[in-house]
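Undergrad: Okay, here's the structure, questions in a sec.
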Amino acid sequence: MRKTFNNRAWLLVAPVMIVVLFSALLPMMTVVNYSVQDAMAENHFFWNGDAWFRDLLNPATEIGSRFAGALERNLIFSLVVLLIEVPLGIALSLALPRRGWAVGPSLVLIALPMLIPWNVVGTMWQIFARADIGLFGAALTGLGLHYNDTQDPVSAWFTILLIDVWHWTPLVILLSYAGLRAIPDAFYQAARIDAASRWSVFLNIELPKLQRVLVLAILLRFMQSFMIYTEPFVVTGGGPGNATTFLSIDLVKIALGQVDLGSAAAMSLVYYLITIALCWVFFTAMSQLDLLKEA
Amino acid sequence: MARIDLVDLAHSYGGAHAPAESFALKPVTMTWRQGGAYALLGPSGCGKTTLLNLISGIITPTRGKIAFDGTDVTPLSTQKRNIAQVFQFPVIYDTMTVGQNLAFPLKNRGVPKAEIDKRVAQIAQLLDLTPDVNRKATRLTADAKQKISLGRGLVRSDVAAVLFDEPLTVIDPELKWQLRSKLKALHRELDLTMIYVTHDQTEALTFADTVVVMHDGRVVQSGTPAELFEKPAHTFVGYFIGSPGMNIVSAEVDGREARIDGHVIGLHRNYGVLPKGAKVEIGVRPEFVDIAAPASGLLSATIERIDDLGRIRFARVRVGDAKFAARVPPGFSVPGDTAGLIFDPAHVHVYADSILVEGKA
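Listed in order, the protein sequences are those of chains E and S. Going by our numbering, the first residue of the first sequence is number 1, and it counts up by one from there. Going by our numbering, the first residue of the second sequence is number 1, and it counts up by one from there.
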C-alpha cells in the first residue's frame, strides 16, 4: 500500500499542540526548573543540583518523613478504594436490570454522582457529615456511635473513603455493565444447558469477558484516587493532625503555604513519576495477562 | 434418550394476546422419535430456532405442552430437562482447558470422576481433539472452538436429545463435510436423538433421516428426503428443496385434467372439483418434465437458456407468463427457440392454496 504524505495535517494538529504546550509542557518545565534551583530573597535563583530530591527521598529529613508518610497514606487509600469499588461495582452491575423500561432510569440514577463537581461533592459531604446539623453525622451520633470526621482519624478516613466510593463506584458499575451487556446470550444459554451454577457462570464466563473493561476501570480508579485532593481539602482539611494529608494536600501546603518552591517542585515531579510508573505497571501486568492467555 | 411430544405448542414473543398471525411459532403437534436424526429446515426467520429453544427450555412456550417420554416438562427449567444444545457460534469457557470444557456439563451434574474421564477421552477422540485436551481453549481456532461446543453437546450419554442450532456456520466448507459425516456417525454410535437446525438443504438431507420443513412459523412437512422430493406437501417445500426447485404454475384442474394456458395436461389421479375461490396450482419437479421438439400434442414453450450442471442439463423456458425448468434428455439437441414439454403425469401434483391435494386413484 502506498502511503500518502500530506503535511497539511500538521496545520490541523498545531492548535492542539500549542494549547498543550502552554497548558502542560511549559508549566511542567517551570516545575523542573524550580526543582533544581534555590531562591534567595527578591527572586534571585541559583543552581541547587539534586539537593531537593535527596532531601525528599531521605525519610530522616523533615520533608522526607512528611513525603514518606503522605505517600504511604496515598498508597493505602488507593488500595482500599480499589478493593472496595471494583468488587462493589461488579456486584452492582450484575444486579442491574438487563432489559425493559428500568434500564434507562437506573443507569441515569447511578451516573448522577459522577456528574457532580469535586468541590460541590466536598461541600455537600462536609455539611452532610457534621455531627450537629448534618444528616449523616447526626444520625450516626444519634445511634450512639462515636463519629466526628474533623477530630477522629478513623471517622475522617471513613468519611473520605465513603465519599470516594459514593462518587466513583458508578464509573466501575457503568464500565462493568457495558462489558456484561457485550456477552452474547448464547453463553448464558449454554451455561444453563451445562447446568453451571451462578457462581460458575460468573467465574468462567463473566469475569474473563470483563477483563478488558476492568483493566480500564482499575487504571482510571487508581489514577484518580492516587491524585485525591478536593475531598480531604474541603471536608477534613488534611486532618485531624495529618491523618488525611495526602500527597497533593501536602504539596499544596509546601508550595503555597510555605512557599518552599524547590521542595514542592521536587515532590510534584516524584509524585508524577510514581503515578505514571504505577499505571504502567498495572497496564503492562494486565495486558501481559491477556497475551499469555492468547499466545 | 427419549421420545419428544409437542402438543399444540405455540410461541409468541409479543405475549399471549398477540394476533395469531404474528406468532413466531404457530401451533404445532408432532412427535420426535427416540434415536431419530432430524433436520429442522427452513429459511431464516421461519421459527426453527424458536422451536429448538422451546424444546431445550431456553424459552417458555406461550401455549401448549412439551413431553419427554410422556412426562410433561413444559414448566421445567433447562437445567432440569436433561437436554444438550449446540449454538451457532462457539461457546467456550475461557478459563478452562479443552478437557475441562468437555467435562464441565458432567462435572456440574455430579458424574463420578472416572466416568467423566472416560467419556471426555472418548468424545475428544471422536472429534480429533485429543492432542489439545490439555491446552487452554481460548488459544484455539474458531473451528476447534466449535468442535469443543459440539463435544460439550455430545458428552452426556443420558440426554433426552441433542439440539444443534446451525452448528457448522463458522466452519470451513471442507471441515464442514467431515464434521457432518462425523455427526452422522456419532448419531449411530451414541444412539442419541438429534435435532439439527439448518437453512441449507444439502446439510439437512445428508444429515437427517427425517427432515422437518418450516415456513413462516409453521411445520409444513415432515418426512424422509425422498418424500420431500417426490411429494412435497406444500408448494414452499417444492420450491425450497431441490435445485432447481419445483415448477409451480397456476392451472385449472378438473377431474383428471389440468389446463395451463389453454393446453391440457393429463393427471394421474382424479381431483374431482376443487373448492371455488381456492388458488389452484400444479407442481412438477424439473426432473419430471422433459423437453422435446415442438409437436401439436405438447405444451409449447420458449427456451430462455440451458443450464449445464455436468451430469444433467436443465432448460429454463417460458410458457405464457409462467417460468419453467425442464430436463433436457441426454443426447437431445435443442432445435431452436421453441420446444414442447412432456410431463410425467405420476409426478404432477395439484395444490389448492399452496397445500397438496390428494386426488383419488
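Note that beta-carbon positions come from the ideal geometry of N, C-alpha and C, so glycine has one too. Remember, predicted model here, so these are calculated numbers, not experimental data.
1) Could you pull out every residue in the same chain whose Cβ sits closer than 7 Å to the Cβ of E115 (chain S), ignoring the five residues on either side in sequence?
2) Expressed to the nearest angstrom, what Euclidean distance is found between the alpha-carbon atoms of S106 (chain E) and V86 (chain E)?
3) If you follow the beta strand (DSSP E) that S155 (chain E) is in, where does it begin and where does it stop?
4) Going by C-alpha distance, which of S:N82, S:V348, S:R313 and S:T60 is nearest I248 (chain S)?
5) Output yes if chain E places a C-beta closer than 7 Å to the C-beta of F314 (chain S); else output no.
6) Rank S:L175, S:G36 and S:S56 by C-alpha distance to the C-alpha of T224 (chain S) and give the top, closest one.
7) Is there a Cβ of chain E sitting closer than 7 Å to that of F87 (chain S), yes or no?
8) Please state whether the Cβ-Cβ distance between P232 (chain E) and I249 (chain E) is less than 7 Å.
9) Give the single residue among E:L92, E:H146, E:G122 and E:L112 whose Cα lies nearest to the Cα of I228 (chain E).
10) Using beta carbons (cut-off 7 Å, strictly below), is R109 (chain S) in contact with chain E?
11) In terms of residues, what are the limits of the alpha helix (DSSP H) holding H187 (chain S)?
12) Between V212 (chain S) and the rest of its own chain, which residues show a CB-CB distance below 8 Å, the 5 nearest in sequence each way excluded?
13) Expressed to the nearest angstrom, what Euclidean distance is found between the alpha-carbon atoms of P286 (chain S) and G245 (chain S)?
14) Go through its chain and collect everything with a Cβ distance to R259 (chain S)'s Cβ below 8 Å, but skip five positions before and after it.
15) Spell out a yes or no on whether the stretch 41–56 of chain S and the stretch 1–15 of chain S are touching, meaning 3 or more CB-CB pairs, one atom from each, closer than 8 Å.
16) With DSSP collapsed to three states, give me the class of G3 (chain S).
17) Could you tell me which uninterrupted beta strand (DSSP E) segments, each at least 3 residues in length, are contained entirely in the stretch 194–246 of chain S, listed from first to last along the chain?
18) If we ignore side chains and look at the alpha-carbon of each, how far apart do L135 (chain E) and P240 (chain E) end up?
19) Going by alpha carbons, who is nearest to T169 (chain S) out of S:D261, S:L150, S:A325 and S:A185?
20) How would you label G277 (chain S), buried or exposed, when you count the other beta carbons within 10 angstroms and need 16 or more for buried?
21) According to DSSP, is A161 (chain S) helix, strand or coil?
22) May I have a chain-ordered list of the alpha helix (DSSP H) segments no shorter than 4 residues that lie completely inside the stretch 39–69 of chain E?
23) Going by alpha carbons, who is nearest to L75 (chain E) out of E:Y271, E:A131, E:F226 and E:P153?
24) Per the contact definition of three or more C-beta pairs closer than 8 Å, is the stretch 248–264 of chain E in contact with the stretch 58–71 of chain E?
25) I need the boundaries of the beta strand (DSSP E) containing L341 (chain S), first residue and last residue.
26) By the three-class DSSP mapping on this structure, what secondary structure does Y271 (chain E) have?
27) Should L299 (chain S) be labelled buried (16 or more other beta-carbon atoms within 10 Å of its own) or exposed?
28) Would you kindly report the start and end of the unbroken alpha helix (DSSP H) that includes T30 (chain E)?
29) Could you please tell me which residues of the stretch 87–105 of chain S, in chain order, have their CB closer than 7 Å to any CB of chain E?
30) Measuring alpha carbon to alpha carbon, tell me which residue in S:A137, S:R311, S:I59 and S:I4 is nearest G15 (chain S).
31) Note down the Cα distance separating K209 (chain E) from T284 (chain E), rounded to an integer number of angstroms.
32) Less than 6 Å between C-beta atoms, sequence neighbours within five positions excluded: which residues of the same chain meet that for R119 (chain S)?
33) For I171 (chain S), would you say it is in contact with chain E, using Cβ-to-Cβ distances shorter than 7 Å as the test?
34) Starting from the C-beta of D172 (chain S), find all residues in its chain whose C-beta is less than 8 Å away, skip the five residues before and the five after it, and write them out in chain order.
35) Would you tell me roughly how many angstroms separate the C-alpha atoms of L351 (chain S) and Y271 (chain S), rounded to the nearest one?
36) Taking only the alpha-carbon atoms, compute the straight-line gap between L109 (chain E) and T245 (chain E) and give it to the nearest angstrom.
TA: Taking the coordinates as given:
1) As a first step, residue 115 (chain S) is located in the second sequence; it is residue number 115 there, counting from the start. Around E115 (chain S), the same chain offers no residue with a beta carbon nearer than 7 Å, after the five sequence neighbours per side are excluded.
2) What you label residue 106 (chain E) is simply residue 106 of the first sequence in a count that begins at 1. What you label residue 86 (chain E) is simply residue 86 of the first sequence in a count that begins at 1. Near 19 Å, if we compare the C-alpha coordinates of V86 (chain E) and S106 (chain E).
3) Taking the first sequence and counting its residues from 1, one reaches residue 155 (chain E) at position 155. Here S155 (chain E) belongs to no beta strand (DSSP E); instead the alpha helix (DSSP H) covers P153 to R181.
4) Position 248 of the second sequence, counting from 1, holds the residue named residue 248 (chain S). When C-alpha distances from I248 (chain S) are compared across S:N82, S:V348, S:R313 and S:T60, the shortest belongs to S:V348.
5) Locating residue 314 (chain S) in the second sequence gives position 314, where the first residue counts as 1. No, F314 (chain S) lies away from the interface with chain E (no Cβ there is under 7 Å from its Cβ).
6) As a working note, residue 224 (chain S) is residue 224 in the second sequence. For the options S:L175, S:G36 and S:S56, the alpha carbon positioned closest to that of T224 (chain S) is the one of S:G36.
7) Indexing the second sequence from 1 puts residue 87 (chain S) at position 87. Yes, F87 (chain S) counts as interfacial toward chain E.
8) Position 232 of the first sequence holds residue 232 (chain E). Position 249 of the first sequence holds residue 249 (chain E). Yes, Cβ-Cβ distance for P232 (chain E) and I249 (chain E) is below 7 Å.
9) Here residue 228 (chain E) refers to the residue found at position 228 of the first sequence. By alpha-carbon distance to I228 (chain E), the top candidate from E:L92, E:H146, E:G122 and E:L112 is E:G122.
10) Here residue 109 (chain S) refers to the residue found at position 109 when the second sequence is read from its first residue. So, interface residue.
11) Here residue 187 (chain S) refers to the residue found at position 187 of the second sequence. Per DSSP, H187 (chain S) belongs to the alpha helix (DSSP H) from P173 to L190.
12) Locating residue 212 (chain S) in the second sequence gives position 212, counting from the first residue. Within the same chain, V212 (chain S) has close Cβ partners M30, Y38, A39, L40, L41, V219, Q221 and S222.
13) Walking along the second sequence from the start, residue 286 (chain S) turns up at place 286. Walking along the second sequence from the start, residue 245 (chain S) turns up at place 245. Going from the Cα of P286 (chain S) to the Cα of G245 (chain S) covers about 7 Å.
14) Reading the second sequence from its first residue, position 259 is the one you call residue 259 (chain S). Residues of the same chain with a CB within less than 8 Å of the CB of R259 (chain S), apart from the 5 flanking positions on each side, are A251, E252, V253 and I265 in chain order.
15) Segments in contact, yes.
16) In the second sequence, counting from the first residue as 1, residue 3 (chain S) sits at position 3. First, the residue type needs correcting, since residue 3 (chain S) is Arg and not Gly in the sequence shown. R3 (chain S) sits in coil when the DSSP states are folded into three classes, being neither helix nor strand.
17) Positions of the beta strand (DSSP E) runs, each at least 3 residues long and wholly inside the stretch 194–246 of chain S, are given as 194–198, 210–215 and 218–223 in order along the chain.
18) As a working note, residue 135 (chain E) is residue 135 in the first sequence. As a working note, residue 240 (chain E) is residue 240 in the first sequence. Going by C-alpha positions, L135 (chain E) is about 21 Å away from P240 (chain E).
19) By one-based count along the second sequence, residue 169 (chain S) stands at place 169. With distances taken between Cα atoms, T169 (chain S) lies closest to S:L150.
20) Within the second sequence, numbered from 1, the residue matching residue 277 (chain S) stands at position 277. Classification of G277 (chain S): exposed, given that the 10 Å Cβ count is below 16.
21) On the second sequence, residue 161 (chain S) is found 161 positions in, with the first residue counted as 1. Note: A161 (chain S) maps to coil in three-state DSSP.
22) The qualifying runs are 51–57.
23) Translated into positions along the first sequence, residue 75 (chain E) becomes position 75. The closest CA to that of L75 (chain E), considering only E:Y271, E:A131, E:F226 and E:P153, is found on E:F226.
24) The stretch 58–71 of chain E makes contact with the stretch 248–264 of chain E; the number of CB pairs closer than 8 Å reaches 3 or more.
25) Indexing the second sequence from 1 puts residue 341 (chain S) at position 341. Counting along the chain, L341 (chain S) sits inside the beta strand (DSSP E) bounded by residues T338 to F343.
26) Position 271 of the first sequence, counting from 1, holds the residue named residue 271 (chain E). Secondary structure of Y271 (chain E) (DSSP, three-state): helix.
27) Position 299 of the second sequence, counted from the first residue, corresponds to residue 299 (chain S). Label assigned to L299 (chain S): buried.
28) Residue numbering aside, residue 30 (chain E) sits at position 30 when the first sequence is read from its first letter. In this chain, the alpha helix (DSSP H) harbouring T30 (chain E) covers L26 to S35.
29) Taking 7 Å as the Cβ-Cβ cut-off against chain E, the residues of the stretch 87–105 of chain S that qualify are F87, F89, V91, Y93, D94, T95, M96, F104 and P105.
30) For the purposes of this step, residue 15 (chain S) is taken as the residue at position 15 of the second sequence. Nearest option by C-alpha distance: S:I59.
31) Here the question's residue 209 (chain E) lines up with position 209 in the first sequence. Here the question's residue 284 (chain E) lines up with position 284 in the first sequence. Rounded to whole angstroms, K209 (chain E) to T284 (chain E) spans 18 Å at the Cα level.
32) Stepping through the second sequence from its first residue, residue 119 (chain S) is reached at position 119. The answer, listed in chain order, is V155.
33) Along the second sequence, one-based indexing puts residue 171 (chain S) at 171. Output row for I171 (chain S): interface = no.
34) Against the second sequence, residue 172 (chain S) aligns to sequence position 172. Correct list, in chain order: D143.
35) As a first step, residue 351 (chain S) is located in the second sequence; it is residue number 351 there, counting from the start. As a first step, residue 271 (chain S) is located in the second sequence; it is residue number 271 there, counting from the start. A small correction: the amino acid at residue 351 (chain S) is Tyr; Leu does not occupy that position in the sequence shown. Their Cα atoms are separated by approximately 10 Å.
36) Locating residue 109 (chain E) in the first sequence gives position 109, counting from the first residue. Locating residue 245 (chain E) in the first sequence gives position 245, counting from the first residue. Distance from the CA atom of L109 (chain E) to the CA atom of T245 (chain E), rounded to whole angstroms, is 32 Å.
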